[in-house]
Amino acid sequence: MTSAESLHPPNRLAPRVVPYWIIGDGLTSIVVAALAWWPGRDYLADHWQQWSPLWDNILLGLCAGMLALALLVPPLNYVRWRYGFVGDMLLMRYGILFVEERAVPVRRMQHVDLSRGPIERLFGLATLVVFTAGNEGSAFRVPGLPAQLAKELRDRIVQMRGDGRL
Amino acid sequence: MLAKGHLHPAVLLLRLITALRQNAFPLIIGITVEEWFLVIAAVLFVMQLGYSVARYLTLEYTLTDEELRIREGLLHRQDRRIPLDRIQDLGFESTILRRALGLAVVMVETASGRGVEARLDALSRVDAEHLREVLLAARPASASTASTSAASASTGDVSTILSPQTQEPDVEWMIHQSSTSELLIRGATDMRLGAFAVTGYAAFELADQLGVVTQITPIATSFRSWIESLPPLVVLGVLAGLLFAVMAFGVITSTLGNLVQFHAFNLRLRGDVLQRRFGLLTTRQKTLPRARVQRVTIEQSWLRRLLGYAVVKADSAGGSRGDGQDTAGGWDVVIPMTRTHEAHALLPAMLPGVEREAFAWQPGSPKLIARTAIQGVLLAILATAASWWQLGPAALWSALLIPLWTVLGVLTWRNLGWSRGEAFFALQHGIIGKNFACVPTAKVQAVVVRQGVVGQLFGLADLTVYVAGGSPTRIPDLTIHDARTLQHELTVRAAAAAAADW
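In the order they appear, the protein sequences are chains A and B.
Letter by letter, the first sequence follows residues 1 to 166 of the working numbering.
Letter by letter, the second sequence follows residues 1001 to 1502 of the working numbering.
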């Protein structure tokens, strides 16, 4: 194997992870932006002497920025996320500003978890979490997997560890 | 059944002293102020003592060929079984009081990551030594197979390199013995706040052992009111004097603290197990099987680098440097202070096989200098913009950040180097100090390549190597190609080693 190329993880996440991320993670910032604009702005305009159209614009800009981030980050994240098994290694590659490429030999995994939050369940998604020995940075997460696939992956890891073959 | 036993009866005396000390406060109040406090003190005292007696009577440890079993408890029963091949370390610790009574606390560590798994407080020293002897004699069967399989995991001749059982298990090799001058240097160059922590810890330990309760609050208050009554210039002088005194005090106390903590430090190798003994007030003894060593670092702060001295530390599976107890007790230190070249010469004692490794040092990418310089420019722009409306043109002084950051970049680049040998992987980094780290590739758990914003523009990446103990090892500013190649090579080796472990 040529080294650098073989480390490219082949698989993408399920596309419905995008709406899940928008709702799961982005919802908070959408709500905060909305609250800041509606009761927040009126309250400040009434009670703060130095309120001016300039501040109006700044606040509007901030709110728009937050909204844009909440809507833009999940698709970008989806485009960047790759994972997959290459040989007996689990590879992950993700991140927009900070790109991380992680490689974990399956044999080094101590245990495997599937985690499914309430919103995640609505979308039929699951997160695969694998742990290696050690205490710092020993958990590796693959989010946005279809529940069925996540189970298969988990079983595959357990099996690989069991009989030593794929 | 290899050994069986109970705690030493003198433990009851220790518990009695603890109970008395803890009840001293209600007792004093009971005598001087309110009489019914006496009742509380008595009840507490009897309860504590009863609990201690019950624990003492019920605790029993059994050592068999396969496991160490500790049973204790009357109402809340606990039965702990630790398989021998899971035991990482066996440590002894004895405070002054315990030493006077001929006792030692035995600490059993496993790889669970929680540090001490079981604590036997306390056995007679004879029993403790016996337990260790039996344990070490019983273990090699399991421990050494693990290490040979780890060795044969990597390719070819590596198995011969790592085979530790070539040495007679009964012969003890003295690897290092700290001289007083080395410890003096360690203390005098311990310029960190950590020095205060170490001394503070030692002093606290002493005070705690002697049962001293100091009351210094009134002194502090009177001192403050005295300061407030002085003219400003005198106050400044007093403050400068105080600062100097504090620094001098820091150096002196850290020297004393290090002398006390690492008194008569020695490191021995017996079979495949490293042993450390040290301490003046509290003596500590700790074993560290070489097969469990995950990483060895040689650390030099700038002052020590100037003097040519270094500290050697080792991470083992399960032990964590993050735990305050570990660092404060000096558990992770393998050699408290030695000449730099000697530290490097002693590496094979901790990482057998490293002596056959020809490390070809690779530099980091020179683009790292450009990256830090750009960071400096960005910082300078930010600082200027932030202070302009207050300082005016004087804010331009923050442009000095640019050359400063560039120099930092040059220094970092000059000190940075990495090397991947057959079975080991080494890194050195630092700005004015220098740190060297060596990791056996067979111990690698996972490898992560990380690129920041500027990193993506420049094609630079950080490589982080995770092992089962201690903090991860990070190499900054490799070219993305080097980082990926290294990641691939390391994980392939780790996977091969793991496959052989099964």
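Positions of the beta carbon are idealized from the N, C-alpha and C atoms, including for glycine.
Pull up the distance between the alpha-carbon of B/T1383 and that of A/S52, whole angstroms please. The residue you call residue 1383 of chain B lines up with position 383 of the second sequence. The residue you call residue 52 of chain A lines up with position 52 of the first sequence. Note on identity: in this sequence residue 1383 of chain B is Ala, with Thr being the wrong assignment. About 27 Å.
Look at the alpha carbon of B/L1478 and the alpha carbon of A/E120, and state the distance between them as a whole number of angstroms. Sequence index remark: in the second sequence, residue 1478 of chain B carries index 478 (1-based). Sequence index remark: in the first sequence, residue 120 of chain A carries index 120 (1-based). Roughly 38 Å between the two C-alpha positions.
Pull out every residue of the region 1450-1480 of chain B whose Cβ sits closer than 9 Å to any Cβ of chain A, in chain order. R1450, Q1451, G1452, V1453, G1455, Q1456, A1461, T1464, Y1466, V1467, A1468, G1469, G1470, S1471, P1472 and I1480
Of all the CB atoms in chain A, is at least one closer than 8 Å to the CB of B/A1437? Here residue 1437 of chain B corresponds to residue number 437 of the second sequence, with the count starting at 1. Output row for B/A1437: interface = no.
Output needed for B/T1160: all residues of its chain with C-beta closer than 7 Å, excluding positions within five of it in sequence on either side, in chain order. Mapped onto the second sequence, residue 1160 of chain B falls at position 160. At B/T1160 the pLDDT is 36, less than 50, meaning the model places this residue with poor confidence; the figure from the coordinates comes in the next sentence. Within the same chain, B/T1160 has no close Cβ partners at all.
Would you identify the three-state DSSP class for B/L1221, choosing helix, strand or coil? As a first step, residue 1221 of chain B must be located in the second sequence, where it is residue number 221. Looking at the sequence shown, residue 1221 of chain B is not Leu but Thr. Correct three-state label for B/T1221: helix.
Step through the CB atoms of chain B and report whether any lies within less than 8 Å of the CB of A/V73. By one-based count along the first sequence, residue 73 of chain A stands at place 73. No, A/V73 does not count as interfacial toward chain B.
Name the chain A residues that come within less than 9 Å of B/A1495, Cβ to Cβ? Counting from 1 along the second sequence, the entry for residue 1495 of chain B is found at position 495. Chain A residues near B/A1495: G87, D88, M89, P105, V106, R107 and R108.
Considering A/V18, what are the terminal residues of the alpha helix (DSSP H) in which it resides? Residue numbering aside, residue 18 of chain A sits at position 18 when the first sequence is read from its first letter. First-last of the alpha helix (DSSP H) with A/V18: V17 to W21.
Continuous beta strand (DSSP E) stretch holding A/T127: start and end: Walking along the first sequence from the start, residue 127 of chain A turns up at place 127. It spans L125 to T132 - the beta strand (DSSP E) in which A/T127 sits, taken as one unbroken run.
Measure the Cβ-Cβ separation of B/R1445 and B/A1468 and say whether it is below 8 Å. Within the second sequence, the letter at position 445 stands for residue 1445 of chain B. Within the second sequence, the letter at position 468 stands for residue 1468 of chain B. Per the sequence presented here, residue 1445 of chain B reads as Gln, with Arg not at that position. For B/Q1445 and B/A1468, yes; Cβs fall inside 8 Å.
Euclidean distance between Cα positions of A/I157 and A/R12: The count along the first sequence starts at 1 and reaches residue 157 of chain A at position 157. The count along the first sequence starts at 1 and reaches residue 12 of chain A at position 12. Distance between the alpha carbons of A/I157 and A/R12: 18 Å.
Distance cutoff 8 Å, beta carbons only. Does B/R1484 sit that close to anything in chain A? As a first step, residue 1484 of chain B must be located in the second sequence, where it is residue number 484. It does: the Cβ of B/R1484 has a partner Cβ on chain A nearer than 8 Å.
Starting from B/W1173, follow its DSSP beta bridges and name the residues at the other end. Looking up residue 1173 of chain B in the second sequence gives position 173. B/L1269.
Report the rounded CA-to-CA distance for B/M1247 versus B/D1079, giving the unit in angstroms. Taking the first residue of the second sequence as 1, we reach residue 1247 of chain B at position 247. Taking the first residue of the second sequence as 1, we reach residue 1079 of chain B at position 79. For B/M1247 and B/D1079, the distance between alpha carbons rounds to 50 Å.
Short of 8 Å Cβ to Cβ, which residues in the region 1233-1255 of chain B face chain A? none
On the DSSP letters alone, give me the boundaries of the alpha helix (DSSP H) that A/H209 sits inside. Residue 209 of chain A is absent from the model: chain A starts at 1 and stops at 166.
Where does B/E1489 sit, in a helix, a strand or coil, going by DSSP? Taking the second sequence and counting its residues from 1, one reaches residue 1489 of chain B at position 489. Reduced to three states, the DSSP call for B/E1489 is helix.
DSSP three-state label for B/A1019, please. Counting from one through the second sequence, the residue named residue 1019 of chain B turns up at place 19. It is helical.
Note down the Cα distance separating B/A1394 from A/A150, rounded to an integer number of angstroms. The sequence position of residue 1394 of chain B within the second sequence is 394, counting from 1. The sequence position of residue 150 of chain A within the first sequence is 150, counting from 1. For B/A1394 and A/A150, the distance between alpha carbons rounds to 60 Å.
Determine the direct distance from the alpha carbon of B/L1002 to that of B/Q1487, and round the result to whole angstroms. The residue you call residue 1487 of chain B lines up with position 487 of the second sequence. The residue you call residue 1002 of chain B lines up with position 2 of the second sequence. Each residue's alpha carbon lies about 46 Å from the other.
Determine the direct distance from the alpha carbon of B/E1109 to that of B/V947, and round the result to whole angstroms. The displayed coordinates of chain B run from 1001 to 1502. Any statement about residue 947 of chain B would go beyond what the structure contains.
I need the straight-line Cα distance from B/N1266 to A/G87, nearest angstrom please. To locate residue 1266 of chain B, count along the second sequence from 1; it is residue 266. To locate residue 87 of chain A, count along the first sequence from 1; it is residue 87. Looking at the two C-alpha atoms, the distance is approximately 46 Å.
Among residues of its own chain, excluding the 5 on either side of A/I23, which ones have a beta-carbon nearer than 7 Å to its beta-carbon? Locating residue 23 of chain A in the first sequence gives position 23, counting from the first residue. Excluding sequence neighbours, A/I23 sits near I119.
B/T1470: buried (16+ other C-beta within 10 angstroms of its C-beta) or exposed? Along the second sequence, one-based indexing puts residue 1470 of chain B at 470. It is worth fixing the name first, because residue 1470 of chain B is Gly in this sequence and not Thr. Flag for B/G1470 reads buried.
What's the call for B/G1322, buried or exposed, on a 16-neighbour Cβ count within 10 Å? As a working note, residue 1322 of chain B is residue 322 in the second sequence. Only weak support is given to the placement of B/G1322: the predicted model assigns it a pLDDT of 44, under 50, and the value that follows is read from those uncertain coordinates. Looking at its Cβ environment, which holds fewer than 16 other Cβ atoms inside 10 Å, B/G1322 is exposed.
Buried versus exposed, by CB contacts within 10 Å (16 or more), B/D1315: Counting from one through the second sequence, the residue named residue 1315 of chain B turns up at place 315. Classification of B/D1315: buried, given that the 10 Å Cβ count is 16 or more.
Distance, A/N77 Cα to B/T1287 Cα: To locate residue 1287 of chain B, count along the second sequence from 1; it is residue 287. To locate residue 77 of chain A, count along the first sequence from 1; it is residue 77. Approximately 48 Å between the Cα atoms of the pair.
Taking the alpha helix (DSSP H) that B/R1292 falls in, what are its first and last residues? Mapped onto the second sequence, residue 1292 of chain B falls at position 292. Premise fails: B/R1292 is in no alpha helix (DSSP H) and is neither H nor E.
Pick helix, strand or coil for A/F98, following the three-state DSSP scheme. For the purposes of this step, residue 98 of chain A is taken as the residue at position 98 of the first sequence. The answer is coil: DSSP assigns A/F98 none of H, G, I, E or B.
By how many angstroms is the C-alpha of A/E100 removed from the C-alpha of A/W81? Indexing the first sequence from 1 puts residue 81 of chain A at position 81. Indexing the first sequence from 1 puts residue 100 of chain A at position 100. If I take the Cα positions, the gap works out to 10 Å.
Got a sec: is the Cβ-Cβ distance from A/V79 to anything in chain B below 8 Å? Sequence index remark: in the first sequence, residue 79 of chain A carries index 79 (1-based). Not one chain B Cβ lies under 8 Å of A/V79.
Simplified DSSP state of A/Q50, which is helix, strand or coil: By 1-based counting over the first sequence, the position of residue 50 of chain A is 50. DSSP places A/Q50 in coil when its eight states are reduced to three.
In chain B, which residues lie with their C-beta within 8 Å of the C-beta of A/R154? Locating residue 154 of chain A in the first sequence gives position 154, where the first residue counts as 1. The premise fails here: A/R154 is roughly 18 Å from chain B at the closest Cβ pair, so nothing lies under 8 Å.
What does DSSP give as the partner residues of B/L944 in its beta bridges? Summary: the structure shown does not reach residue 944 of chain B, with chain B confined to residues 1001 through 1502, and so no result is reported for it.
Amino acids of chain B, ordered along the chain, whose beta-carbon sits closer than 9 Å to that of A/V112: Locating residue 112 of chain A in the first sequence gives position 112, counting from the first residue. Near A/V112 there are no residues of chain B at all, since even the closest Cβ is about 14 Å away, more than 9 Å.
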